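Take a look at the structure below.
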DNA sequence: AGGCCTAAATTTAGGTCTGAACGTATGACG
DNA sequence: CGTCATACGTTCAGACCTAAATTTAGGCCT
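Residue numbers (the working numbering), protein chains in the order written: chain A, 3 to 181; chain B, 3 to 181.
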């Protein structure tokens with residue numbers, strides 16, 4: 003039972019709203035919907051790829067962030083939360099699970115007040131090395147349907163949109179939406 | 003405690019892997035990472051917008067699919083699963099929750115063997131009408147940083163990539179990844 | 001006609017996330 | 001120098017999802 007086999011056509015969604023509720027602003031659907039569907043498809047696929055290696059995506063994300071940081075493969079939980087885009091609570095739980103499996107260790111203290119440092123263990127390092135290139139190869143393959151210049155164009159537009167959305171959210175967070 | 007405030011720069015991720023593991027295929031990162039980050043940012047925002055209206059995203063998704071289908075606002079659970087891109091089990095739970103709140107009703111039988119029809123109630127219909135345009139206005143606003151021709155270009159590229167990834171997953175599902 | 005098989009929904013077990021409540025140590029300030 | 005405010009990690013309750021086990025209603029074959 004795969005979770006996401008055949009995304010419902012984006013155009014039909016916009017058309018349906020236009021038909022059912024004429025006048026609705028449907029322009030964003032052409033961007034937001036495929037964006038969401040792609041994220042779902044790619045996320046599901048990554049989960050399946052990693053499941054074969056006995057890891058889950060949340061744990062690999064944690065290990066990857068630490069691995070990418072370079073020696074000594076250590077970051078504070080706050081840094082981890084920011085780079086992973088999840089809440090502090092989620093990081094606490096991720097770290098607890100990974101620690102239980104011996105992939106990271108927590109070292110309290112030794113820095114700013116109340117800071118907890120999280121460090122990759124050799125086992126964690128090994129696991130990352132074994133799985134990350136599988137994921138990257140797989141994803142390179144999955145986007146290979148686009149020609150190099152299309153990939154570049156897409157990456158540029160996504161980057162632009164991301165930066166813009168980011169600043170908007172930073173500003174608007176408090177502002178009421180609608181009226 | 004917002005969950006996703008400041009995405010970690012995509013370029014730094016690719017650079018870090020190139021530095022830590024020279025030779026890794028990093029080209030997909032420029033697409034997959036911002037895609038994922040945007041989906042997260044937009045999803046978190048939608049959740050916040052809907053929370054104010056007392057709905058969760060999963061329930062609104064269910065109601066929206068039914069509403070878009072038009073009169074008589076009824077679909078089978080299988081149809082719902084396909085259009086929502088989640089498993090049958092998830093649909094079962096979504097419907098159970100929505101039914102508990104009086105937003106939909108389940109009508110067993112009346113068709114092909116073992117089919118269960120799910121229908122929007124007046125309360126569900128009302129809730130959808132009240133919230134959908136809030137979401138669409140908000141999302142229109144969020145993508146408005148891109149100029150109309152950029153939006154169109156982005157929508158086209160996403161559509162192209164989505165179609166391609168979709169066929170690849172349909173074919174490759176069984177194929178081993180890596181070696 | 002009876003029993004098996006299959007398809008479809010549901011239930012269950014396990015894992016993850018958010019948001020809020022909690023505990024606590026540090027630093028500031030009187 | 002003691003108290004209080006604050007910042008930060010953790011814990012907890014509530015939702016949600018997937019994958020696998022379970023249930024059940026028909027259909028089919030002998």
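C-beta atoms are modelled at their ideal positions from N, C-alpha and C, and glycine is treated no differently.
All values reported here derive from a predicted model rather than from experimental measurement.
Proximity below 8 Å, CB of residue i to CB of residue j
{"i": "residue 100(A)", "j": "residue 93(A)", "result": "no"}
{"i": "residue 163(B)", "j": "residue 40(A)", "result": "yes"}
{"i": "residue 68(A)", "j": "residue 77(A)", "result": "yes"}
{"i": "residue 89(A)", "j": "residue 105(A)", "result": "no"}
{"i": "residue 22(A)", "j": "residue 72(B)", "result": "yes"}
{"i": "residue 79(B)", "j": "residue 118(B)", "result": "yes"}
{"i": "residue 49(A)", "j": "residue 61(A)", "result": "no"}
Assumed close pair residue i, residue j - CB separation to whole angstroms, cut-off 8 Å
{"i": "residue 120(B)", "j": "residue 97(B)", "result": "6 Å"}
{"i": "residue 2(A)", "j": "residue 156(B)", "result": "Nothing can be reported for residue 2(A), as the shown portion of chain A is limited to 3 through 181."}
{"i": "residue 57(B)", "j": "residue 133(B)", "result": "6 Å"}
{"i": "residue 36(B)", "j": "residue 12(B)", "result": "5 Å"}
{"i": "residue 70(A)", "j": "residue 19(B)", "result": "6 Å"}
{"i": "residue 33(A)", "j": "residue 153(B)", "result": "6 Å"}
Spatial distance of residue i from residue j (CA atoms)
{"i": "residue 171(A)", "j": "residue 165(B)", "result": "30 Å"}
{"i": "residue 53(A)", "j": "residue 126(A)", "result": "16 Å"}
{"i": "residue 31(A)", "j": "residue 102(A)", "result": "42 Å"}
{"i": "residue 81(B)", "j": "residue 9(A)", "result": "12 Å"}
{"i": "residue 26(A)", "j": "residue 24(B)", "result": "49 Å"}
{"i": "residue 87(B)", "j": "residue 140(A)", "result": "21 Å"}
{"i": "residue 63(A)", "j": "residue 148(B)", "result": "30 Å"}
{"i": "residue 17(A)", "j": "residue 75(A)", "result": "50 Å"}
{"i": "residue 167(A)", "j": "residue 116(B)", "result": "45 Å"}
{"i": "residue 85(B)", "j": "residue 169(A)", "result": "32 Å"}
{"i": "residue 142(B)", "j": "residue 151(A)", "result": "27 Å"}
{"i": "residue 55(B)", "j": "residue 129(A)", "result": "43 Å"}
{"i": "residue 46(A)", "j": "residue 91(B)", "result": "16 Å"}
{"i": "residue 146(A)", "j": "residue 146(B)", "result": "29 Å"}
{"i": "residue 109(A)", "j": "residue 95(A)", "result": "16 Å"}
{"i": "residue 135(A)", "j": "residue 161(B)", "result": "27 Å"}
Boundaries of the beta strand (DSSP E) in which residue i is found, first to last residue
{"i": "residue 122(B)", "result": "118-122"}
The alpha helix (DSSP H) enclosing residue i, as first and last residue numbers
{"i": "residue 17(B)", "result": "12-22"}
{"i": "residue 146(B)", "result": "That residue, residue 146(B), is in no alpha helix (DSSP H); it is neither H nor E in DSSP."}
{"i": "residue 71(A)", "result": "Counting along the chain, residue 71(A) falls outside any alpha helix (DSSP H), and DSSP gives it neither H nor E."}
{"i": "residue 34(A)", "result": "31-54"}
Beta strand (DSSP E) runs wholly inside the region 74-107 of chain A, at least 3 long, in chain order: If only complete runs of 3 or more residues are kept, the region 74-107 of chain A shows the beta strand (DSSP E) at 76-78, in order along the chain.
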